[in-house]
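Data first, discussion second: the structure below is written as structure tokens.
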Amino acid sequence: MTSKECKELEAVGKKPIEPSQGESTHENVIFVPAVDIIENSEAITLYADLPGVDKENLSIDVRDGVLYLEAKVKETDPKLRPIYREYDEGGYSRKFTLGERIATDKIAAKLSNGVLTLVLPKAEAHKPRKIQIT
Amino acid sequence: MAIVRWLGEGELFSRFDRMQREMDKLLSPYRSSVPGTSPAPSGSGIYPPINLYDNGEVFIVRAEVPGIETDKLDLSVTSNTLTLRGERKSLEVEKGWNFHRQERDAGGFRRALTLPEMVDGTKVQASFKNGVLEIVLPKAEQAKQRKIQVTSN
């Protein structure tokens with residue numbers, strides 16, 4: 074199925090978030106991470122690009138039906154003199170509204186190579202079910 | 021104010037690209053303080069975006085490349101050029117899956133970077149952690165600054 078022709082990637086600049094609740098009190102820029110969200114009958118799976126983020130600096134919370142992703146990045150050693158910069162370093166933040174159709178106690182998260190894989194299983198009552206007709 | 025961007029291709033456009041970015045950086049604090057607008061994304065260019073640092077003894081090149089296939093990553097160095105080549109996995113989506121959002125791109129990349137000074141190709145080290153590729157390039161002996169003695173007769 075696959076042809077060996079590989080698509081060329083284009084750089085897309087990171088988008089800083091708009092401060093919605095007034096000015097931020099910390100100095101770092103915060104970016105909106107790029108995500109892919111796919112769904113099948115069992116679960117919704119979210120992939121987020123979080124380069125430079127360690128497990129310890131990533132927090133995933135579900136509060137009132139909203140999924141919050143927040144991450145911090147270690148600052149670059151200030152002794153390094155930047156000569157040329159095409160990207161800024163900073164934290165990440167993004168939130169998603171979840172329907173009650175997610176079984177929030179069964180959410181699974183994995184962080185590997187800067188990519189977060191988040192599996193949100195659908196609650197039993199909401200999985201699509203074939204209805205038998207007698 | 022609409023800004024038309026050039027897609028950088030090779031050395032010829034990189035200077036314009038750089039100038040564009042410098043202008044964006046200068047203007048962005050003003051743009052975001054105008055109510056009702058959001059700061060524009062910092063523009064497109066060659067993937068991956070890289071940062072170049074210098075600590076006197078070595079150059080450090082950092083690139084944010086989350087999700088790349090490390091076994092397909094190819095780095096090579098000549099006396100003052102670093103070439104990166106690799107591939108980012110695309111999502112393997114089986115039948116029955118729907119996309120809600122797709123913001124992450126996948127595909128191949130190839131980028132060559134000319135370093136400001138010569139480096140010692142035999143001592144280059146690269147590491148990949150948390151999706152950030154870091155390449156440490158020690159400067160070639162001749163490239164390091166050396167004090168020059170002045171003799172007078």
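Residue numbers (our numbering), protein chains in the order written: chain A, 74 to 207; chain B, 21 to 173. Glycine residues also receive a C-beta, built at the ideal position from the N, C-alpha and C atoms.
- A straight line joining the alpha-carbon of B/Leu-133 with that of A/Glu-129 spans about 33 Å.
- When 7 Å is used as the limit between beta carbons, B/Asn-100 is near no residue of chain A, the shortest such separation being about 14 Å.
- Under the three-state reduction of DSSP, A/Thr-207 is assigned to coil, being neither helix nor strand.
- Within the model, the alpha-carbon separation for B/Ser-110 versus B/Val-156 is close to 28 Å.
- Taking C-beta atoms under 8 Å as the contact rule, A/Ala-121 and A/Leu-171 fail to qualify, at a distance of about 15 Å.
- Taking 8 Å as the upper bound for CB-CB distance, B/Asn-100 and A/Leu-153 are not in contact here, some 20 Å apart.
- With a minimum length of 3 residues, the unbroken runs of beta strand (DSSP E) contained wholly in the stretch 111-151 of chain B fall at 118-122, 127-134 and 145-149.
- When CB distances to chain A are screened at a threshold of 7 Å, the residues of the stretch 108-132 of chain B falling below it are Arg-108, Leu-111, Val-113, Gly-116, Trp-117, Asn-118, Phe-119, His-120, Arg-121, Gln-122, Glu-123, Arg-124, Asp-125, Gly-127, Gly-128 and Phe-129, in chain order.
- Close to A/Ile-156, with beta-carbon spacing below 7 Å, are these residues of chain B in chain order: Leu-72, Tyr-73, Asp-74 and Pro-136.
- Scanning its chain for C-beta atoms nearer than 6 Å, with the 5 sequence neighbours on each side dropped, one finds around B/Glu-154 the residues Arg-82 and Ser-147, in chain order.
- Residues of chain A with a Cβ closer than 8 Å to the Cβ of B/Ile-80 are, in chain order, Leu-153.
- Annotated as distal: A/Ala-107 and A/Leu-123, with beta-carbon spacing of 7 Å or more.
- Distance from B/Arg-105 to B/Gly-87 at the Cβ level is roughly 16 Å; contact not present, criterion being Cβ atoms closer than 8 Å.
- From the beta-carbon of B/Glu-161, no residue of chain A is found nearer than 7 Å; the closest lies around 20 Å away.
- Between A/Gly-125 and A/Val-146, the CB-CB gap stays under 7 Å.
- Judged by DSSP secondary structure, A/Val-135 falls within the beta strand (DSSP E) whose first and last residues are 131-136.
- Distances from the CA of B/Thr-142 to each of B/Leu-135, B/Lys-159, B/Val-113 and B/Tyr-73 were compared; the closest alpha carbon is that of B/Lys-159.
- Residues of chain B with a Cβ closer than 8 Å to the Cβ of A/Pro-124 are, in chain order, Glu-84, Val-85, Pro-86, Asn-150, Gly-151 and Val-152.
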